[in-house]
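Asks:
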Amino acid sequence: MNILNYTLSIALLLGTSTAVAAEPPPASQASRTESGITDTIVSKTMEFSHTWNTGDINRYIGSYEQTGDFALYYSGGQNLGIESARELYLTTWPTKQAMGEFEVFNVTARILSPTTALSHGLFQHRFPDKTVDGNFTLVWRLRDDGDWEIAHEHSARIRVEKRN
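Numbered per mature numbering (1 follows the signal peptide of the UniProt record, and there is no 0), the sequence shown spans residues -21 to -1, 1 to 143.
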């Protein structure tokens, strides 16, 4: 009797898994979803740079994950945790003028999982005395409320052009 129950259980399990596997979502629906997510991530990355240019550093920092797990890596070092990053930004760029003008371009996005994506591209940061060119990668995390936030940022300077 135990062998019969075991055999029936396996048959039911195989039948169920076959039925589930036989009905994947249509490819067009899946790609639209992926396309929608990548479009959102690219748009949020572009918006991130526009927020910088408003001079509202706190709103800019609001795009980051507001936890001790947030990580910021850059040519000059690293800041772990949102408070460490906030202190760096407020100390380094205390005014709109000090913040300069920031632009990102050649931005692309890639989905890593249903709740994780990354964007990467190039940036140019213009100050009165210099222009900094570089590249960046942002790791985005989908929050419980359905919005995306930056969990990790890495940027690197490629070139610094000083002006007299």
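By construction, the Cβ of each residue, glycine as well, lies at the ideal position given by its N, Cα and C atoms.
Because the structure is a prediction, the values reported are computed rather than measured.
Quick one: what's F102 bridged to in DSSP?
Replies: For F102, which the question treats as bridged, DSSP gives the partners V83, G113.
Asks: For E80, I'd like the list of residues in its chain whose CB is within less than 7 Å of its CB, leaving aside the five on either flank, ordered along the chain.
Replies: If we look at E80 and ignore the five residues flanking it on each side, its Cβ neighbours are N32, R105.
Asks: Assuming H133 and F115 are in contact, meaning their beta carbons sit under 8 Å apart, how far apart are those beta carbons, in whole angstroms?
Replies: At roughly 7 Å, the Cβ-Cβ gap stays under 8 Å, so H133 and F115 are in contact.
Asks: The alpha helix (DSSP H) that contains W31, what's its start and end?
Replies: Counting along the chain, the alpha helix (DSSP H) containing W31 begins and ends at 6 to 32.
Asks: Specify whether the stretch 116 to 130 and the stretch 13 to 31 touch according to this definition: at least 3 beta carbon pairs, one from each stretch, less than 8 Å apart.
Replies: Because the criterion of three Cβ pairs below 8 Å is met, the stretch 116 to 130 and the stretch 13 to 31 touch.
Asks: Within the same chain, show all residues whose beta-carbon is closer than 7 Å to that of W72, passing over the 5 residues directly before and after it, in chain order.
Replies: Same-chain partners within the cutoff: I36, M78.
Asks: Helix, strand or coil, according to DSSP, for S42 in the structure here?
Replies: Reduced to three states, the DSSP call for S42 is coil.
Asks: Using the C-alpha atoms, what's the distance from Y52 back to T87?
Replies: Answer to the nearest angstrom: the Cα atoms are 19 Å apart.
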